[in-house]
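**Q** Before anything else, here's the structure in question.
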Amino acid sequence: MARFTLPRDIYHGKGCLAELKNLKGKKAVLVVGGGSMKRQGFLDKAVNYLKEGGMEVQLIEGVEPDPSVETVMKGAKIMQEFQPDWIVAMGGGSPIDAAKAMWTFYEYPDTKFENLITPFGFPELRQKAKFAAIPSTSGTATEVTAFSVITDYHTGIKYPLADFNITPDVAIVDPELVEGLPVKQVAYTGMDALTHAIEAYVSTLHCPYTDPLALQAIEMVLAYLPASYNKNMEAREQMHYAQCLAGMAFSNALLGIVHSMAHKTGAAFSTGHIPHGCANAIYLPYVIKYNAKDPVAAERYAEIARRMGLEGTCQQALINSLCEKIDEFNVRLNIPKTLKDFGIQEEEFKEKVAKIAELAVGDACTGSNPRAIDPANMEKLLTCTYYGTEVDF
14 MARFTLPRDI YHGKGCLAEL KNLKGKKAVL VVGGGSMKRQ GFLDKAVNYL KEGGMEVQLI
74 EGVEPDPSVE TVMKGAKIMQ EFQPDWIVAM GGGSPIDAAK AMWTFYEYPD TKFENLITPF
134 GFPELRQKAK FAAIPSTSGT ATEVTAFSVI TDYHTGIKYP LADFNITPDV AIVDPELVEG
194 LPVKQVAYTG MDALTHAIEA YVSTLHCPYT DPLALQAIEM VLAYLPASYN KNMEAREQMH
254 YAQCLAGMAF SNALLGIVHS MAHKTGAAFS TGHIPHGCAN AIYLPYVIKY NAKDPVAAER
314 YAEIARRMGL EGTCQQALIN SLCEKIDEFN VRLNIPKTLK DFGIQEEEFK EKVAKIAELA
374 VGDACTGSNP RAIDPANMEK LLTCTYYGTE VDF
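Counting from 14, one number per residue, gives the positions in the sequence shown under my numbering.
Structure (structure tokens):
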């Protein structure tokens with residue numbers, strides 16, 4: 014038996030932020046990030062809509078990129094004192110992910126973070142509050158997913174938390190919120206969305222419900238991401254919907270080792286944090302070549318290429334075309350081809366790669382990857398992504 018879970022309501026279209034006024038409740042906590050929503054006026058709009066609906070509002074501001082365990086615990090304490098019946102998270106993946114974890118500790122104050130690391134081991138939520146998510150980037154799709162990524166900065170490890178309990182009740186996908194995105198963020202989040210859709214399509218848990226969503230998302234990203242990067246607002250609107258479709262697919266089909274690698278390298282190096290979407294974009298073509306040694310995965314990658322109208326008269330040629338298309342996009346979006354090009358120092362990479370490989374194999378996303386991998390092969394794969402060498406194993 015399999016399960017397919019989405020938010021009960023997904024509002025989409027310009028101006029749909031106003032749906033906040035129709036949420037039924039007495040108190041709402043509004044969780045936001047570093048200030049872009051305030052600067053652009055969307056925070057005030059959201060607060061006013063909630064108040065118009067009759068709710069008292071408490072803000073939790075300043076959630077950092079790649080939110081920490083400490084931020085989660087601080088937010089949960091505010092919620093425990095305020096006792097909201099709605100938790101509303103607005104911004105990029107970070108404030109929404111953080112709010113999902115805060116929600117759990119609000120309802121279950123005695124829970125330990127270590128208890129949530131086991132996939133699908135959360136306690137039953139909605140005992141005190143419901144959850145609404147409003148994305149301001151076009152990539153993570155956390156507004157429709159059963160996932161949250163929280164970082165332990167003491168160890169440098171990102172933990173993907175997974176449970177259908179943290180799928181939001183309401184998603185508000187308003188493209189007006191992404192019109193002011195910096196182009197670098199458009200690039201990284203767009204490639205994150207593409208990775209979500211491709212990994213969902215080849216996942217061992219894909220199904221007839223997730224496949225059409227994944228393929229449609231891939232088609233839309235390939236069609237609209239370059240124009241979105243070049244500040245075409247119609248393309249940005251379509252990318253906002255594409256990333257949401259990709260989220261619906263991967264929340265139910267799960268992901269693969271592109272994400273395992275990104276989770277374990279994002280905060281691992283002293284020379285600079287690797288943004289999640291950038292890491293995914295670097296790793297994706299290498300992982301496709303690794304996974305394509307599995308015949309079932311190879312055929313599904315080839316099918317993606319066929320559906321997208323890429324060139325190739327045989328399976329391998331189609332897979333090559335898919336990798337070349339990703340490489341082409343990375344060049345157009347100014348994303349480096351290797352970890353070395355990103356700026357990671359060789360000595361530090363060599364020092365840490367074995368441990369990173371071990372952690373990546375143990376990541377929650379590895380289990381649904383179409384080809385098995387052990388720490389030795391993961392270390393070889395990471396080494397290919399550092400130097401740009403061919404994946405021939």
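Cβ coordinates follow ideal geometry from the N, Cα and C atoms, glycine included.
(1) If you reduce the DSSP assignment to three classes, tell me which class Glu156 lands in.
(2) Can you check DSSP and say which residues form a bridge with Ile295?
(3) DSSP three-state label for Lys125, please.
(4) What does DSSP give as the partner residues of Val6 in its beta bridges?
(5) Where Gly48 and Pro225 are concerned, what is the direct C-alpha to C-alpha distance, given to the nearest angstrom?
(6) Output the distance between the C-alpha atoms of Thr402 and Thr396, rounded to the nearest integer angstrom.
(7) Which residues share a DSSP beta bridge with Pro148?
(8) Have a look at Phe55 and Val196 and give me their C-alpha separation to the nearest angstrom.
(9) What does the alpha-carbon distance come out to for the pair Ala292 and Pro80?
(10) Report, in whole angstroms, the separation of the C-beta atoms of Val44 and Val76, which I expect to be a contact under 8 Å.
(11) Threshold first: 3 residues or longer. Then list the beta strand (DSSP E) segments lying entirely within the segment 181-224, N to C.
(12) Hey, how far is the Cα of His276 from the Cα of Val344?
(13) Taking the straight line between their C-alpha atoms, what separation do you get for Ile369 and Thr168?
(14) In the DSSP assignment, the alpha helix (DSSP H) including Ile369 goes from what residue to what residue?
(15) Do the CB positions of Cys336 and Pro298 come within less than 8 Å of each other?
(16) Just the Cα atoms here: how many angstroms apart are Glu156 and Ala146?
(17) For Leu267, which of helix, strand or coil comes out of DSSP?
(18) Just to confirm before moving on: does the CB-CB distance between Ile231 and Ile317 stay below 8 Å?
(19) For the beta strand (DSSP E) containing Leu174, list its first residue and its last residue.
(20) Looking only at C-alpha atoms, which of Gln140, Asp405 and Leu72 sits nearest to Phe95?
**A** By the coordinates alone:
(1) helix
(2) Per DSSP, none; premise fails for Ile295.
(3) coil
(4) No statement about residue 6 is possible, as the shown extent of the chain runs from 14 to 406 and does not include it.
(5) 36 Å
(6) 8 Å
(7) Gly104
(8) 20 Å
(9) 17 Å
(10) 6 Å
(11) 183-186
(12) His276 and Val344 have their alpha carbons spaced roughly 23 Å apart.
(13) Those two C-alpha atoms are separated by around 11 Å.
(14) Glu359 to Val374
(15) yes
(16) 5 Å
(17) DSSP places Leu267 in coil when its eight states are reduced to three.
(18) yes
(19) Ile170 to Ala175
(20) Leu72
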